[in-house]
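Residue numbers (the numbering used here): 181 to 619.
We put the beta carbon where it would ideally sit given N, CA and C, even for glycine.
Quick caveat: nothing in here was measured; it's all calculated off a predicted structure.
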Ligand code: UGA
C-alpha cells in the first residue's frame, strides 16, 4: 500500500508523535502549528519536547515529514487532516476546545475533493456531533469526520503508537472510518470500530478508569499503613488475578500529568452538564489531592515541626521519562513544604521548576540536593535514585531519613544502610517478611 497524505494540526506532544509515527509507517505528513518559532526549530531538526527516541524517528523520516505554519499548504493535497491540538482545562473543569474550533474554522471553503477530519485530541463526548453540525452549516459536505483517540503515555509514546493494545475508530461514514483504519494496516493491533460518541467515550473512560485504579490502590495503601500490611505485596497478589491485572496498581504520592487530572475533571464536568453526578470520579479526584499531601504528615512524624528543616525533593516531573511538569505532584508537595517554613531543595535529571517554584533551590545533582538535608523524598522514580541509600548520601545528610513516595527502594536494604525509611502503604518497621514471593 502506498502512503497516504496526512496533515497534522498541532505540533505539540501528541501531534509530533502522531506525525512522526505515521511517517515511519510510510505516509507523507505535513505538521502544521501556529507558532513560527516551533516550526523553525523543527525544520532545523530540533525537537521541542523530551520523548525517548522521537528525535531519531523524526530524523529518519525527514523525507516524509514537512513542517509549516500555513493552513493552505498543510491542507493542500491532504486526504486526512488530523486535529492534535491541546484541549486544556478551563476554570470550570470543562475542556477548552478553542484550538479545536480554530482548526475547524480554518478549513478552506473551496475544497475540490473529499477530506476526512480526524480528531486525535482528547475531547468531550458530543464534540464530534457539534463539529459535524458546524461543517454541515458551512456546506462542507465533502469533509468527513472521524474520532481516532490517542492512548500515548509520555515516555513510551512511540511504542504505544507502533504497538498499540487497540486502535479506536469512530466515524459517521463507514468509508471515512475505513480510510482512517487503513492508516494503521501495517500494525498488528485490533481496530475497534464504533460510532463517534462511543469512540470519544472510550478515551475518556479509559483514563478515568486508570485514574480510579491509582486512587483505589492509594487508599488501600493508606489503610495498609494503619493495619501493618504492605501495599506492594497486596498489589502483587491482586494483580495476579487475570480479571484485575497488575497494571496501574502502584501506590504513591498521586497521579499527575497533562492527561489524567484534566480528563477526569472533563468527564465529571461532562456528566454534570448532562444532569448526572459522577460521584466515584469526585472521590478519585479528592483522594488524589489528599495523597499528594500525605508526605507532609510522614515528615512531621519524624521531624516534628518542619519550619527551618531542609527537605530534598528528588524528582520533579510527574513521572520518569519526561520533563513534563503539568499537574506534577511535586508542585503541591513543594508548595506545602514551603508553606510550613521548610527549605526545599529539588533535583530532577530533565525537568525544571525554577519558574514554578521560585523559592525552592533547584540543584544540579542528587548530592547537592541532599547535602545537609533533614529528609530526602523520592517524588519521581528516576532510575538514578535506585542507589540512594548509600554511605555517601547518609554522610551528607543532616538526618538520614528517606521518604520513598514511589516505593522504589527495598525497605530492608535502606534500613540496613542506616537510614530511617517510610514508603507509601508499607509497614514503618521491619516485619521480617519481604515483598510477596510467588512460586
Ligand atoms: C496517560 C495514559 O496512560 C495514556 O494511555 C493516555 O493516552 C494519556 O494519559 C493521554 O490521555 O494522553 P500519561 O499521562 O503520559 O498517560 O502517564 P501515565 O503513565 O498514565 O501516568 C500518569 C500518572 O499516574 C503519573 O503521575 C504516574 O506516576 C501515576 N501512576 C501511574 C501511579 O501513581 N501509579 C500507577 O500504578 C501508574
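Worksheet item: Regarding residue 458 and the ligand UGA, is the C-beta to nearest heavy atom distance less than 6 angstroms?
Response: Position 278 of the chain shown, counting from 1, holds the residue named residue 458. Here the distance from the Cβ of residue 458 to the nearest heavy atom of the ligand UGA is not below 6 angstroms.
Worksheet entry | the ligand UGA heavy atom lying under 6 angstroms from the CB of residue 455 | If you number the chain shown from 1, residue 455 lands on position 275. Checking the 6 angstroms criterion, the Cβ of residue 455 is out of range of every heavy atom belonging to the ligand UGA.
Worksheet item: By the 10 Å Cβ neighbour count, where 16 or more other Cβ atoms means buried, how is residue 376 classified, buried or exposed?
Response: Taking the chain shown and counting its residues from 1, one reaches residue 376 at position 196. Residue 376 should be labelled buried.
Discussion item. Below 6 angstroms, is the gap between the Cβ of residue 362 and the nearest heavy atom of the ligand UGA?
Written reply: Taking the chain shown and counting its residues from 1, one reaches residue 362 at position 182. No.
Discussion item. Here's the rule I'm using: 16 or more other beta-carbon atoms within 10 Å means buried, otherwise exposed. How should residue 190 be labelled?
Written reply: Counting from 1 along the chain shown, the entry for residue 190 is found at position 10. Around the beta-carbon of residue 190, 16 or more other beta-carbon atoms lie within 10 Å, marking it buried.
Worksheet entry | Identity of the residue in 385, 201, 293, 288 nearest residue 458 by Cα | Numbered from its first residue, the chain shown carries residue 458 at position 278. Ranked by how close their Cα comes to the Cα of residue 458, the residues 385, 201, 293, 288 have 385 in first place.
Discussion item. Please classify residue 480 as buried or exposed, where buried requires at least 16 neighbouring CB atoms within 10 angstroms.
Written reply: Here residue 480 refers to the residue found at position 300 when the chain shown is read from its first residue. Residue burial is scored here from C-beta neighbours: residue 480 has fewer than 16 other C-beta atoms within 10 angstroms and is therefore classed as exposed.
Worksheet item: Going along the chain, which residues of its own chain have a beta-carbon closer than 6 angstroms to the beta-carbon of residue 257, five neighbours each way excluded?
Response: Mapped onto the chain shown, residue 257 falls at position 77. Closer than 6 angstroms at the Cβ level, and outside the excluded window around residue 257, lie 185.
Discussion item. So for residue 269, helix, strand or coil by DSSP?
Written reply: Here the question's residue 269 lines up with position 89 in the chain shown. Note: residue 269 maps to strand in three-state DSSP.
Discussion item. At a threshold of 6 angstroms, does residue 402 count as lining the ligand UGA (C-beta to nearest heavy atom)?
Written reply: Within the chain shown, numbered from 1, the residue matching residue 402 stands at position 222. With a cut-off of 6 angstroms, the C-beta of residue 402 is classified as distant from the ligand UGA, since no heavy atom of the ligand falls inside that distance.
Worksheet item: Within this structure, are the beta carbons of residue 497 and residue 560 separated by less than 7 angstroms?
Response: Your numbering for residue 497 matches position 317 in the chain shown. Your numbering for residue 560 matches position 380 in the chain shown. A distance below 7 angstroms separates the beta carbons of residue 497 and residue 560.
Practice prompt. May I ask which residues mark the beginning and end of the alpha helix (DSSP H) holding residue 602?
Written response: Position 422 of the chain shown holds residue 602. In the DSSP assignment, residue 602 falls outside any alpha helix (DSSP H) and lies within the beta strand (DSSP E) extending over 600-602.
Practice prompt. Classify residue 614 as buried or exposed, calling it buried when 16 or more other Cβ atoms lie within 10 Å of its own Cβ.
Written response: The residue you call residue 614 lines up with position 434 of the chain shown. In this prediction, residue 614 scores a pLDDT of 49, lower than 50, which makes its location untrustworthy; the coordinate-derived value is nonetheless stated afterwards. With fewer than 16 other Cβ atoms within 10 Å, it is exposed.
Worksheet item: So, using beta-carbon positions, are residue 360 and residue 301 closer together than 7 angstroms?
Response: As a working mapping, residue 360 is identified with position 180 in the chain shown. As a working mapping, residue 301 is identified with position 121 in the chain shown. No, the Cβ-Cβ distance between residue 360 and residue 301 is not below 7 angstroms.
Practice prompt. Indicate the three-state DSSP secondary structure (helix, strand or coil) for residue 262 in the structure shown.
Written response: Here residue 262 is taken as the residue at index 82 of the chain shown, counted from 1. Strand at residue 262.
Practice prompt. Check residue 541 in the structure and name its three-state DSSP category.
Written response: Taking the chain shown and counting its residues from 1, the one referred to as residue 541 is at position 361. Assigned with DSSP and collapsed to three states, residue 541 falls in strand.
Worksheet entry | Nearest-angstrom Cα separation, counted from residue 303 out to residue 278 | As a position in the chain shown, residue 278 is number 98, starting the count at 1. As a position in the chain shown, residue 303 is number 123, starting the count at 1. If I take the Cα positions, the gap works out to 11 angstroms.
Worksheet entry | Cβ neighbours of residue 453 in the same chain (closer than 7 angstroms, five flanking residues each side left out) | Position 273 of the chain shown, counted from the start, is the residue given in the question as residue 453. By the criterion of a C-beta distance shorter than 7 angstroms, residue 453 is surrounded by no residue of its chain, once the five residues flanking it on both sides are discounted.
Worksheet item: Rounded to whole angstroms, how far is the Cβ of residue 473 from the Cβ of residue 516, which I believe are closer than 8 angstroms?
Response: By 1-based counting over the chain shown, the position of residue 473 is 293. By 1-based counting over the chain shown, the position of residue 516 is 336. Contact between residue 473 and residue 516 holds, since their C-beta atoms are separated by about 6 angstroms, short of 8 angstroms.
Practice prompt. Compute the Euclidean distance between the alpha carbons of residue 419 and residue 244, then round it to the nearest angstrom.
Written response: For this step, residue 419 is matched to residue 239 along the chain shown. For this step, residue 244 is matched to residue 64 along the chain shown. Cα-Cα distance, rounded: 42 angstroms.
Worksheet item: So, helix, strand or coil for residue 193, using DSSP?
Response: As a working mapping, residue 193 is identified with position 13 in the chain shown. DSSP, read as helix, strand or coil, puts residue 193 in helix.
Fill in: Short Cβ contact (7 angstroms threshold) for residue 478 with residue 602
By 1-based counting over the chain shown, the position of residue 478 is 298. By 1-based counting over the chain shown, the position of residue 602 is 422. A contact, by the Cβ cut-off of 7 angstroms.
Worksheet item: Closest by CA to residue 368, which one among 355, 343, 362, 378?
Response: Position 188 of the chain shown holds residue 368. Ranking the options by Cα distance to residue 368, first place goes to 343.
Discussion item. Taking the straight line between their C-alpha atoms, what separation do you get for residue 276 and residue 445?
Written reply: Your numbering for residue 276 matches position 96 in the chain shown. Your numbering for residue 445 matches position 265 in the chain shown. Each residue's Cα considered, the two are about 12 angstroms apart.
Worksheet item: Assuming residue 296 contacts residue 356 under a Cβ cut-off of 8 angstroms, what Cβ separation, rounded to an integer in Å, is found between them?
Response: Taking the first residue of the chain shown as 1, we reach residue 296 at position 116. Taking the first residue of the chain shown as 1, we reach residue 356 at position 176. In this structure, residue 296 and residue 356 form a Cβ contact; the two beta carbons are roughly 5 angstroms apart against a cut-off of 8 angstroms.
Practice prompt. Give the secondary structure of residue 257 by DSSP, where H, G and I count as helix, E and B as strand, and everything else as coil.
Written response: Here residue 257 refers to the residue found at position 77 of the chain shown. Residue 257 carries a coil assignment under DSSP once its states are collapsed to helix, strand and coil.
Practice prompt. Using the Cα positions of residue 283 and residue 308, report the straight-line distance between them to the nearest angstrom.
Written response: Here residue 283 refers to the residue found at position 103 of the chain shown. Here residue 308 refers to the residue found at position 128 of the chain shown. Straight across, the Cα-Cα distance linking residue 283 with residue 308 is about 13 angstroms.
Worksheet item: When the Cα atoms are used, what is the spatial distance from residue 316 to residue 287?
Response: Within the chain shown, residue 316 is the residue found at index 136, counting from 1. Within the chain shown, residue 287 is the residue found at index 107, counting from 1. Residue 316 and residue 287 have their alpha carbons spaced roughly 13 angstroms apart.
Worksheet item: For residue 624, which residues of its own chain have a beta-carbon under 6 angstroms away from its beta-carbon, when the five flanking residues on both sides are left out?
Response: Any property of residue 624 remains undetermined from this structure, which presents the chain solely from 181 to 619.
Item to complete: Let me know the secondary structure DSSP gives residue 247 once reduced to three states.
Response: The count along the chain shown starts at 1 and reaches residue 247 at position 67. Judged by DSSP in its simplified three-state form, residue 247 adopts strand.
Item to complete: Establish whether the CB of residue 438 and some CB of chain D are separated by less than 7 angstroms.
Response: Absent here is chain D; the protein component of the structure consists of one chain.
Worksheet item: Which runs of the alpha helix (DSSP H) spanning at least 4 residues fall entirely within the region 300-367, listed in chain order?
Response: You should have 307-317, 337-342, 354-363.
Worksheet item: Does the beta-carbon distance from residue 203 to residue 241 come in below 7 angstroms?
Response: Looking up residue 203 in the chain shown gives position 23. Looking up residue 241 in the chain shown gives position 61. Cβ distance < 7 angstroms, so residue 203 and residue 241 count as in contact.
Worksheet item: Based on Cα-Cα distance, which residue from 195, 235, 252, 259 lies nearest to residue 332?
Response: Taking the chain shown and counting its residues from 1, the one referred to as residue 332 is at position 152. Among 195, 235, 252, 259, the Cα nearest to that of residue 332 is on 195.
Fill in: Beta-bridge partners of residue 584, as assigned by DSSP
The sequence position of residue 584 within the chain shown is 404, counting from 1. Answer is 558, bridged to residue 584.
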